[in-house]
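Below is one structure; the comments refer to it alone.
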Amino acid sequence: MLTSLKNTFKHGVHPPENKEKTNGLPIRQFPFAPLIILPMQQHIGNPSQIIVREGQEVSRGQLLAKANGYMSVPMHSPVSGKIRKIGNVPLISGQTSPGIYLEPFPYSGQEVVEGNPISLDASPEEILKGIQDAGIVGLGGAAFPTHVKLKIPEGKTCDYLIINGIECEPYLTTDHRVMLEQADDIFTGIRYLLKVTGAKEVIIGIEANKQDAADHLSSKVPTDLPVKVQVVPVKYPQGAEKMLITALLGKEVPSGGLPIEVNAVVVNVATTAEIGRLLPHGQGIQERVITITGPGVKKKGNYLIPIGTPLRYVLEQVGAVENISEVYMGGPMMGVSASSLDISIVKGTSGIVVFGDNEVRKVDKIYPCIKCGACVDACPIFLNPSRLGILAKFEAYDTMAEEFNLMDCFECGSCSYVCPSNIPLVQYFRLSKGIVRKRNSAKQPKTNA
Numbered sequence: 001m002l003t004s005l006k007n008t009f010k011h012g013v014h015p016p017e018n019k020e021k022t023n024g025l026p027i028r029q030f031p032f033a034p035l036i037i038l039p040m041q042q043h044i045g046n047p048s049q050i051i052v053r054e055g056q057e058v059s060r061g062q063l064l065a066k067a068n069g070y071m072s073v074p075m076h077s078p079v080s081g082k083i084r085k086i087g088n089v090p091l092i093s094g095q096t097s098p099g100i101y102l103e104p105f106p107y108s109g110q111e112v113v114e115g116n117p118i119s120l121d122a123s124p125e126e127i128l129k130g131i132q133d134a135g136i137v138g139l140g141g142a143a144f145p146t147h148v149k150l151k152i153p154e155g156k157t158c159d160y161l162i163i164n165g166i167e168c169e170p171y172l173t174t175d176h177r178v179m180l181e182q183a184d185d186i187f188t189g190i191r192y193l194l195k196v197t198g199a200k201e202v203i204i205g206i207e208a209n210k211q212d213a214a215d216h217l218s219s220k221v222p223t224d225l226p227v228k229v230q231v232v233p234v235k236y237p238q239g240a241e242k243m244l245i246t247a248l249l250g251k252e253v254p255s256g257g258l259p260i261e262v263n264a265v266v267v268n269v270a271t272t273a274e275i276g277r278l279l280p281h282g283q284g285i286q287e288r289v290i291t292i293t294g295p296g297v298k299k300k301g302n303y304l305i306p307i308g309t310p311l312r313y314v315l316e317q318v319g320a321v322e323n324i325s326e327v328y329m330g331g332p333m334m335g336v337s338a339s340s341l342d343i344s345i346v347k348g349t350s351g352i353v354v355f356g357d358n359e360v361r362k363v364d365k366i367y368p369c370i371k372c373g374a375c376v377d378a379c380p381i382f383l384n385p386s387r388l389g390i391l392a393k394f395e396a397y398d399t400m401a402e403e404f405n406l407m408d409c410f411e412c413g414s415c416s417y418v419c420p421s422n423i424p425l426v427q428y429f430r431l432s433k434g435i436v437r438k439r440n441s442a443k444q445p446k447t448n449a
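Heads up: the sequence shown begins at 1 in full-length UniProt numbering, then just goes up one per residue.
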């Protein structure tokens with residue numbers, strides 16, 4: 001069933017969408033780089049634990065690193081090749097992570113190794129283990145281990161499984177193309193998710209600028225699945241879990257709470273497709289769909305790119321190596337500017353947006369807050385970014401967290417987008433949240449191993 005809703009969350013912004021250059025381009029396979037660089041820290045939680053050695057030959061899909069505890073996932077080889085080096089590799093944050101340098105065999109057919117299939121008749125626990133063993137994390141950008149997200153806490157029930165096909169980030173069309181081209185995998189993934197969550201109803205949420213995807217999925221819904229497709233108005237950040245729940249269910253997730261507090265679980269549509277694609281074959285994730293776009297890209301498109309492909313190689317292949325000013329991993333609102341072209345594609349990379357020298361807004365000066373209230377009107381979770389920004393300048397981090405709900409901020413960037421004084425509010429809040437987390441961690445009692 002296909003329905004259109006007028007409901008949406010309050011506040012938010014309407015940045016230019018800039019999706020028209022790639023939303024009509026089908027997914028294409030990206031070539032293998034001469035060297036693959038795989039950081040073990042590609043997800044929230046503990047980094048994967050390497051189990052191969054230097055000089056070892058590996059097959060595509062083979063396990064290279066195992067999960068390091070429950071809050072972790074394994075890493076699989078994106079290519080058949082030889083382990084050239086094990087050592088530290090660069091991350092987008094400017095830090096390093098243990099990692100693997102892997103040289104593909106130049107003449108290999110690059111067939112993927114199959115493992116133990118996970119049947120739809122498997123128990124919820126077996127499916128969750130299969131999702132972890134496949135190395136699946138949230139592909140919308142957060143990279144949170146999916147098996148952890150899907151574990152329903154004791155005493156809670158899931159009535160609604162929401163498949164997030166909103167993709168409100170400007171420029172990105174990854175999820176749009178997945179919905180148009182991988183419908184069968186999406187519905188297979190939904191079958192696994194229903195088994196795990198016990199949900200009674202499935203809602204696929206799609207913004208109105210992707211009506212073709214909504215029509216396509218609606219026409220492909222299996223008759224035995226309780227799925228409806230709902231189209232919602234275009235607004236940023238509609239794709240945030242709490243905002244999407246408000247739009248689709250009319251419910252509000254409490255401060256500090258998770259969607260399960262209102263009996264819902266939200267899963268990104270590309271993540272759902274990967275579950276449906278990988279589990280029936282017992283395979284691990286080795287590649288993902290990524291939008292490569294922006295004014296600085298000649299060969300814009302949606303590409304299926306092996307995990308670990310170096311960013312520099314990607315830019316060379318798409319003709320984006322001249323006069324680069326900024327490269328965003330993710331979109332321009334919530335993405336992160338690449339600290340180096342020597343980093344590589346990771347599981348959470350949903351897009352690469354490239355801007356030349358003339359396309360980036362130059363901020364020559366940051367002016368004092370004029371208390372215009374634009375940031376307050378933009379914030380989708382009703383924080384006071386103006387007050388929080390002032391507190392951040394005075395390093396009053398505890399006050400920000402305890403009195404002004406800093407930790408509810410999910411860094412959508414709406415406040416920075418509308419600020420006439422050019423104050424980098426979201427950067428202030430990201431830094432402040434990191435300091436608060438570090439302080440809280442230091443307060444925790446240490447236990448002896």
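Every residue gets a Cβ at the ideal spot worked out from N, C-alpha and C, and that includes glycine.
Quantities reported herein were computed from a predicted structural model and do not represent experimental measurements.
Residue i - DSSP class collapsed to helix/strand/coil
i           : result
residue 95  : coil
residue 257 : coil
residue 197 : helix
residue 28  : strand
residue 172 : coil
residue 177 : helix
residue 265 : strand
residue 34  : coil
residue 293 : strand
residue 450 : There is no way to answer for residue 450, as the model of the chain reaches only from 1 to 449.
residue 271 : helix
residue 76  : strand
residue 239 : coil
residue 3   : strand
residue 439 : helix
residue 300 : coil
residue 209 : helix
residue 314 : helix
residue 70  : coil
residue 228 : strand
residue 49  : strand
residue 416 : helix
residue 432 : helix
residue 55  : coil
residue 277 : helix
residue 327 : strand
residue 186 : helix
From the options, residue whose alpha carbon lies closest to that of residue i
i           : options            : result
residue 422 : 441, 266, 371, 442 : 371
residue 363 : 330, 346, 424      : 424
residue 273 : 12, 249, 330, 287  : 287
residue 311 : 27, 33, 196, 250   : 33
residue 406 : 195, 379, 89       : 379
residue 394 : 428, 376, 35, 381  : 428
residue 262 : 296, 309, 152, 181 : 152
residue 306 : 349, 319, 322      : 349
residue 9   : 381, 149, 225      : 381
residue 27  : 67, 177, 254, 44   : 177
residue 494 : 389, 314, 384      : This structure does not reach residue 494, given that the chain is present from 1 up to 449, and the question cannot be answered.
residue 147 : 220, 235, 154, 132 : 132
residue 398 : 335, 84, 433, 344  : 433
residue 72  : 156, 61, 44, 29    : 44
residue 21  : 101, 292, 367      : 292
Residues near residue i in its chain [Cβ-Cβ closer than 6 Å; skip 5 each side]
i           : result
residue 231 : 4, 206, 208, 214
residue 360 : 325, 326
residue 188 : 276
residue 105 : 80, 81
residue 221 : 227
Residues near residue i by beta carbon distance below 7 Å, same chain, minus five either side
i           : result
residue 277 : 185
residue 17  : 170, 209
residue 355 : 294, 295, 296, 325, 326
residue 386 : 369, 371, 375, 376
residue 65  : 40, 48, 49, 50, 51, 74, 75
residue 160 : 199, 201, 203, 249, 263, 264
residue 68  : 46, 47, 48, 49
residue 13  : 236, 378, 414, 417, 418
residue 460 : With the chain running from 1 to 449 in the structure shown, residue 460 is simply not present.
residue 243 : 9, 237, 380
residue 401 : 407, 436
Closer than 7 Å: residue i CB and nearest the ligand PLP heavy atom
i           : result
residue 223 : The model depicted lacks the ligand PLP and carries no ligand whatsoever.
Spatial neighbours of residue i in its chain, beta-carbon cut-off 8 Å, leaving aside the 5 residues before and after
i           : result
residue 158 : 152, 197, 198, 199, 260, 263, 264, 265
residue 298 : 318, 319, 320
(message) Between the segment 278 to 289 and the segment 331 to 339, can you find at least three pairs of beta-carbon atoms closer than 8 Å?
(response) Taking a cut-off of 8 Å for Cβ pairs, the segment 331 to 339 and the segment 278 to 289 do not touch, as fewer than three such pairs fall below it.
(request) Please determine if the segment 138 to 155 and the segment 262 to 270 are in contact, where contact requires at least 3 C-beta pairs separated by less than 8 Å. (result) yes
(message) Under 8 Å: do the segment 73 to 91 and the segment 105 to 116 share three or more Cβ pairs, one atom per stretch?
(response) yes
(request) Report the residue ranges of all beta strand (DSSP E) runs contained in full by the segment 334 to 388; include only those spanning at least 3 residues, in chain order. (result) Qualifying beta strand (DSSP E) stretches, in chain order: 351 to 356.
(message) Threshold first: 4 residues or longer. Then list the alpha helix (DSSP H) segments lying entirely within the segment 83 to 145, N to C.
(response) 124 to 133
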